[in-house]
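Chemist: Questions regarding the structure given below will be posed in turn.
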Amino acid sequence: MIDARAGDAWRPVERVRAYQHVVDQVEEQILAGALKVGDRLPGERELSARLQVSRAAVREAMRTLEAQGVVRAGVGSGPDAGTVVSAMPSEALTRLLRVHVALANFPVGDVIEARITLERSSAALAAANATRAAMSAIAAPLAAMEALEGGVDEDRRSYNDLDTTFHIAIAEAGGNRLVADMTIAIREAMRQPILASLERLGDDWPAVRRRLSEEHRGVYEAIAAGDGAAAADLVEAHIRSAHARLDGDR
Numbered sequence: 064m065i066d067a068r069a070g071d072a073w074r075p076v077e078r079v080r081a082y083q084h085v086v087d088q089v090e091e092q093i094l095a096g097a098l099k100v101g102d103r104l105p106g107e108r109e110l111s112a113r114l115q116v117s118r119a120a121v122r123e124a125m126r127t128l129e130a131q132g133v134v135r136a137g138v139g140s141g142p143d144a145g146t147v148v149s150a151m152p153s154e155a156l157t158r159l160l161r162v163h164v165a166l167a168n169f170p171v172g173d174v175i176e177a178r179i180t181l182e183r184s185s186a187a188l189a190a191a192n193a194t195r196a197a198m199s200a201i202a203a204p205l206a207a208m209e210a211l212e213g214g215v216d217e218d219r220r221s222y223n224d225l226d227t228t229f230h231i232a233i234a235e236a237g238g239n240r241l242v243a244d245m246t247i248a249i250r251e252a253m254r255q256p257i258l259a260s261l262e263r264l265g266d267d268w269p270a271v272r273r274r275l276s277e278e279h280r281g282v283y284e285a286i287a288a289g290d291g292a293a294a295a296d297l298v299e300a301h302i303r304s305a306h307a308r309l310d311g312d313r
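Sequential numbering from 64 applies to the sequence shown in my numbering.
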């Protein structure tokens, strides 16, 4: 029996919008394997009748799924018309993850640990799989960061952008698309917080910059040598020490 005194704590259950039911059913069919990439969804009128929702709800659901990269809408008539299940482009997945990480207000420690897990994997995979082109892509931002030492360019934003590019290049070099996309999303989500930390360093910035570049160089050399274990350990040490230096005064 419900205590009447607790009645004020009970509220009507919020009704889910009709379009969300459509989205949920499409997602359920994808997860069950009933819908695959390239499959064409029933037309708007047919879906409306099958699901007993308005055509407006079906249109809103399709717009939502298209924005998520789940479906692609073709216009007109012919073989390209209609709504087709599509593979989410890598960029769309990365963007979605990046925004969620940025908005979710995860504890910083949780983000750092997730980043370490992913980047250890990325570094080890890069040591095993990196092509000559991939190594060049890692070396380019490293050389640019090192060129800042002793020069007139003390722009921390430029250094932070190069740092981001360096870590992304390692993730790309590993060859595991999902690991790379998650690594990229987290590093991109941290771009602004890291820049804010760099800007708080004041006169300590040149020394910190040199140390960061030395750590980057160590990671690169381990990857170039094909030593995945060393590359993973070095990238973890780098992330932990960088976090301690940059956020220790907060």
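Think of the CB as a built atom: it goes at the ideal place given N, C-alpha and C, for glycine as much as any other residue.
On a Cα-Cα basis, can you pick out the residue from 94, 177, 192 that is closest to residue 289?
Modeler: It is 192 whose Cα lies nearest to the Cα of residue 289.
Chemist: Return yes when the Cβ of residue 220 is within less than 8 Å of the Cβ of residue 258, no when it is not.
Modeler: Yes, Cβ-Cβ distance for residue 258 and residue 220 is below 8 Å.
Chemist: Select from 252, 277, 161, 99 the residue whose C-alpha is nearest the C-alpha of residue 149.
Modeler: Minimum Cα distance to residue 149 is reached at 99.
Chemist: Does the segment 192 to 208 touch the segment 222 to 241, meaning 3 or more C-beta pairs lie closer than 8 Å?
Modeler: Because the criterion of three Cβ pairs below 8 Å is met, the segment 222 to 241 and the segment 192 to 208 touch.
Chemist: Among residues of its own chain, excluding the 5 on either side of residue 267, which ones have a beta-carbon nearer than 8 Å to its beta-carbon?
Modeler: Cβ within range, chain order: n/a, list empty.
Chemist: Give the secondary structure of residue 135 by DSSP, where H, G and I count as helix, E and B as strand, and everything else as coil.
Modeler: Correct three-state label for residue 135: strand.
Chemist: Looking at the structure shown, is residue 64 part of a helix, part of a strand, or coil, going by DSSP?
Modeler: Note that residue 64 has pLDDT 49, beneath the 50 cutoff, so the model's placement of it is unreliable and no number is given.
Chemist: May I have the straight-line CA-CA distance separating residue 130 from residue 270, to the nearest angstrom?
Modeler: C-alpha separation (whole angstroms): 44 Å.
Chemist: Pairing CB atoms from the segment 169 to 185 with CB atoms from the segment 194 to 204, are three or more of them under 8 Å?
Modeler: Short answer: they don't touch.
Chemist: Skipping 5 residues on each side, what residues in its chain have a beta carbon closer than 7 Å to that of residue 287?
Modeler: Closer than 7 Å at Cβ, skipping near neighbours: 198.
Chemist: If you draw a straight line from the C-alpha of residue 186 to the C-alpha of residue 165, how long is it?
Modeler: In a straight line, the C-alpha of residue 186 is about 24 Å away from that of residue 165.
Chemist: Could you tell me how far apart the beta carbons of residue 252 and residue 113 are, in whole angstroms, since I believe they sit closer than 8 Å?
Modeler: Rounded, the Cβ-Cβ distance is 39 Å, inconsistent with contact.
Chemist: To the nearest angstrom, how far is it from the Cα of residue 88 to the Cα of residue 119?
Modeler: Those two C-alpha atoms are separated by around 16 Å.
Chemist: When burial is assigned at 16 or more other CB atoms within 10 Å of the CB, is residue 215 buried or exposed?
Modeler: For residue 215, the predicted model reports a pLDDT of 46, less than 50, meaning its position is unreliable and no value from the coordinates is stated.
Chemist: Which value, in whole angstroms, describes the spacing of the CA atoms of residue 121 and residue 196?
Modeler: When rounded, the distance between both Cα atoms is 45 Å.
Chemist: Rounded to the nearest angstrom, what separates residue 155 and residue 273 at their Cα positions?
Modeler: When rounded, the distance between both Cα atoms is 35 Å.
Chemist: Find the nearest neighbour of residue 111 within the set 239, 136, 124, judged by alpha-carbon distance.
Modeler: Answer by Cα proximity: 124.
Chemist: Could you give the first and the last residue of the continuous beta strand (DSSP E) run that contains residue 238?
Modeler: No beta strand (DSSP E) holds residue 238; DSSP gives it neither H nor E.
Chemist: Kindly give me the distance between the Cβ atoms of residue 282 and residue 297, rounded to whole angstroms, as I take these residues to be in contact under 8 Å.
Modeler: Right, the Cβ-Cβ distance comes to about 5 Å (below 8 Å), so this counts as a contact.
Chemist: Quick check: what's the CA-CA separation for residue 188 versus residue 146?
Modeler: Using only the alpha carbons, I get a separation of about 37 Å.
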